[in-house]
Amino acid sequence: MNLADISTKEIMPGYHGKMVHGETLTWAFWEVEKDAVVPEHHHIHEQIMHVLEGEFEFSLDGKTQTYLPGDVVVIPSNTPHGGKALTPCRLMDVFSPVREEYR
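First residue of the sequence shown: 640, per the numbering used here; consecutive thereafter.
And the structure:
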């Protein structure tokens with residue numbers, strides 16, 4: 640499989656993702672438009688976010704920080720979080736278990 644061959648899905652406005660699904664996890668590669676917002680939410684999935692490019696403002700359990708390329712955030716299951724792209728961004732997320740709604 641090559642990432643270039645995977646179709647992009649706009650999961651929410653401004654968040655364009657390519658998804659790779661294993662048996663117990665989902666690996667997401669995001670191209671995020673400047674000013675695109677993911678509202679605060681929570682889910683059963685454990686999530687790890689990695690900023691590849693850009694500046695991403697992210698709130699986790701009530702604390703807000705700006706994350707830059709190379710930064711990694713571990714998001715425990717059922718913990719409130721949300722964010723906004725301050726610039727165009729490339730992000731990578733890993734979710735466990737699989738995000739069935741992203742198939």
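For each residue, glycine too, the CB sits at the ideal point set by N, CA and C.
Put simply, the backbone Cα of PRO708 is about 14 Å away from that of VAL671. For GLU694, the closest C-alpha among the options PRO727, PRO736 and ARG738 is that of PRO727. Straight-line spacing of the CA atoms in ILE683 and SER735 works out to 9 Å. Pairing LEU691 with HIS720 gives a Cβ-Cβ distance that is not under 7 Å. Looking at the DSSP output, ARG729 shares a beta bridge with GLU670 and GLU692.
When the beta-carbon positions are compared, MET731 and VAL712 stay at least 7 Å from each other. Around the C-beta of ALA724, 16 or more other C-beta atoms lie within 10 Å, and the residue is accordingly described as buried. DSSP places ALA724 in the strand class (E or B) of the three-state scheme. Distances from the CA of LYS673 to each of PRO652, ILE714 and ASN641 were compared; the closest alpha carbon is that of PRO652.
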